[in-house]
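Numbers 46 to 338, taken from my numbering, label the letters of the sequence shown in order. The beta-carbon is built from N, C-alpha and C at its ideal position, and this holds for glycine as well. Values in this document were obtained by computation on a predicted structure and should not be read as measured data. Quick notes on the structure that follows.
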Amino acid sequence: MIDLHMHTSCSDGQFMPEETIRMAWEAGVTTAAVTDHDTTAGVAAAEKAAKHYGLQLFSGIEISTQGAAELHMLGYGIDPDDPKLLAFCRDFQVQRKARAVRMVAYLEQCGAPVTLEEVRQCNDGRCSGRPHFARTLVEKGFADSVQDAFARYLTTPEFYAHVERQKPLPENAIAVIRHAGGVAVLAHPYLLYLEQSQLDALLTKLQASGLQGIEAYYSRHTPAQTQCYLRLAKQHGLIVTCGSDFHGPAVKPDIAIGTGICGNLCVESREIPEALSKKIAIARKTRGETAKF
Ligand code: AMP
Ligand code: FE
Ligand code: FE
Ligand code: ZN
């Protein structure tokens, strides 16, 4: 089974990279990638664990960008120590910390006060993302579930207008991924909420900046959406990838590693890792040649 989209406690996942890889192996995943939000901190530990269990592992990252409420760019095969990528991620940490302070004030205004200390408790004191706030809101009784906390407070027009951090353009995220020798793939396209013609235009635009793939297989895609993204990938000559977006039961209780939601993922193709490996080999060779996609 293939799962190229999972989060660890290095971002907002519940388990450490080595635990996450062990769980993937136990679930029957043979090809994996950890794709933490805006950090490569978990890659080395995941690589070590993957070697131990005999899993094929791609290094990965997921970068949040502007252009839609949730336009996320996955980067595969990246050098986790690339200085430009590390500097890019450090900026995010600063932005995220400033946003956390704004979130506390915003939630207070919403009548759902939480403190940074409370939020940090579900993340060993590390930098807090929205899922950590969501978990705290649930614990304090201000929301019924993580999903409910997102709907009520963390994906509202006010949140996006006044609280959300400044995010890079998708073109910049692609450029940084490519600079780090990686392959850029558009994550969970359904979350863009675009008509097919609009997505088609976006793919054309991003491809001109070096986009090479689309995450057609994803836990929250309906079969019709998956078919649509597979068709678009073919038309555009993009590779397709497959990911659960596993974060652990405390964060996304319905999503299981490898298998997705009630077994709706379970992708077993050899073509996916082979095509990705080929693109990564070229990306590494042409690393630094900015104009050559
Ligand atoms: P952040 O990077 O801190 O803004 O948080 C992004 C995380 O929030 C990602 O893991 C998303 O999957 C998660 N997320 C975004 N929207 C929702 C939602 N409606 N319900 C649950 N999780 C969400
Ligand atoms: Fe996440
Ligand atoms: Fe995402
Ligand atoms: Zn993700």
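Where does residue i fall in DSSP's three states?
{"i": "Ala75", "result": "First, the amino acid is wrong: residue 75 is Thr here, not Ala. Correct three-state label for Thr75: coil."}
{"i": "Ser109", "result": "strand"}
{"i": "Phe291", "result": "strand"}
{"i": "Lys337", "result": "Low per-residue confidence applies at Lys337: pLDDT is 45, beneath 50, and the placement is therefore not dependable, though the value from the model is reported in the following sentence. Looking at Lys337 - three-state DSSP - the assignment turns out to be coil, as it is neither helix nor strand."}
{"i": "Asp193", "result": "helix"}
{"i": "Thr249", "result": "helix"}
{"i": "Thr181", "result": "helix"}
{"i": "Glu92", "result": "helix"}
{"i": "Ile222", "result": "helix"}
{"i": "Gln59", "result": "coil"}
{"i": "Met148", "result": "helix"}
{"i": "Thr267", "result": "coil"}
{"i": "Gln140", "result": "helix"}
{"i": "Phe187", "result": "coil"}
{"i": "Glu163", "result": "helix"}
{"i": "Lys324", "result": "helix"}
{"i": "Leu310", "result": "coil"}
{"i": "Lys212", "result": "coil"}
{"i": "Pro318", "result": "helix"}
{"i": "Ser242", "result": "helix"}
{"i": "Cys344", "result": "For the chain, the structure presents residues 46 to 338; residue 344 sits outside this window and is missing."}
{"i": "Arg175", "result": "helix"}
{"i": "Ala86", "result": "coil"}
{"i": "Pro125", "result": "coil"}
{"i": "Arg332", "result": "coil"}
By the 10 Å Cβ neighbour count, where 16 or more other Cβ atoms means buried, how is residue i classified, buried or exposed?
{"i": "His52", "result": "buried"}
{"i": "Cys307", "result": "exposed"}
{"i": "Lys337", "result": "The predicted model places Lys337 with a pLDDT of 45, which falls under 50 and marks its position as unreliable, so this point remains unresolved."}
{"i": "Tyr238", "result": "exposed"}
{"i": "Leu49", "result": "buried"}
{"i": "Arg180", "result": "buried"}
{"i": "Gly303", "result": "buried"}
{"i": "Gln241", "result": "exposed"}
{"i": "Ala188", "result": "buried"}
{"i": "Gln151", "result": "For the record, residue 151 in the displayed sequence is Tyr; it is not Gln. Buried, since its Cβ has 16 or more Cβ neighbours within 10 Å."}
{"i": "Glu260", "result": "buried"}
{"i": "Ala132", "result": "exposed"}
{"i": "His82", "result": "buried"}
{"i": "Leu119", "result": "buried"}
Consider the Cβ of residue i: report whether some Cβ of chain B lies at a distance smaller than 7 Å.
{"i": "Leu116", "result": "Of the protein chains in this structure there is only one, and it is not chain B."}
Looking only at DSSP bridge pairs, what is residue i linked to?
{"i": "Leu231", "result": "Met118, Ile259"}
{"i": "Ala301", "result": "Gly305"}
{"i": "Phe103", "result": "Ala78"}
{"i": "Met68", "result": "The partner list for Met68 (beta bridge, DSSP) is empty, contrary to what the question assumes."}
{"i": "Met51", "result": "Val79, Phe291"}
{"i": "Ile284", "result": "Gly258"}
Handout entry: Three CB pairs or more closer than 8 Å across the stretch 220 to 236 and the stretch 86 to 102
Key = no
Exercise for the section: Evaluate contact between the stretch 164 to 173 and the stretch 194 to 209, counting only Cβ atoms and requiring at least three cross-stretch pairs below 8 Å. Expected result: no
Practice task
May I ask you to verify whether the stretch 312 to 321 touches the stretch 244 to 252, counting CB pairs closer than 8 Å and requiring at least 3?
Solution key: no
Handout entry: the stretch 263 to 277 touching the stretch 142 to 151, judged by at least three CB pairs closer than 8 Å
Key = no
Practice task
Say whether the stretch 292 to 300 touches the stretch 58 to 65, bearing in mind that this needs 3 or more beta-carbon pairs closer than 8 Å, one atom from each stretch.
Solution key: yes
Practice task
Flag this pair as touching only if the stretch 69 to 81 and the stretch 187 to 194 have three or more C-beta atom pairs under 8 Å; answer yes or no.
Solution key: no
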